[in-house]
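Residue numbers (this note's numbering): 7 to 82.
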């Protein structure tokens, strides 16, 4: 795969579930784990699309999920 092909795939992933940033971020992480050569490209395209860094978004989302799990345990 070359850079242009990778960009096309990333652009397709951006449309996942109507462009849901949670879904897109998860798919992009899977994409760049398989193709680490294109991690920076995936991060750049995500930043342009959602106006937030992919790493910051995934960390914030991960912390939010952790908080939700903790709250569920406390409630029960």
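From the three backbone atoms N, C-alpha and C, an ideal C-beta is built for every residue, glycine too.
By DSSP, does residue i sit in helix, in strand, or in coil?
i	result
residue 25	coil
residue 50	helix
residue 73	Residue confidence for residue 73 is low, a pLDDT of 46 falling below 50, so the modelled location carries little weight; the figure read from the coordinates is stated next. The answer is helix: DSSP assigns residue 73 an H, G or I state.
residue 41	coil
residue 58	coil
residue 20	coil
Would you say residue i and residue j are within 8 Å of each other, going by their C-beta atoms?
i	j	result
residue 36	residue 22	no
residue 30	residue 47	no
residue 27	residue 56	yes
Taking residue i as the reference, give the member of the options with the closest Cα.
i	options	result
residue 25	51, 43 and 61	51
residue 11	43, 53 and 57	43
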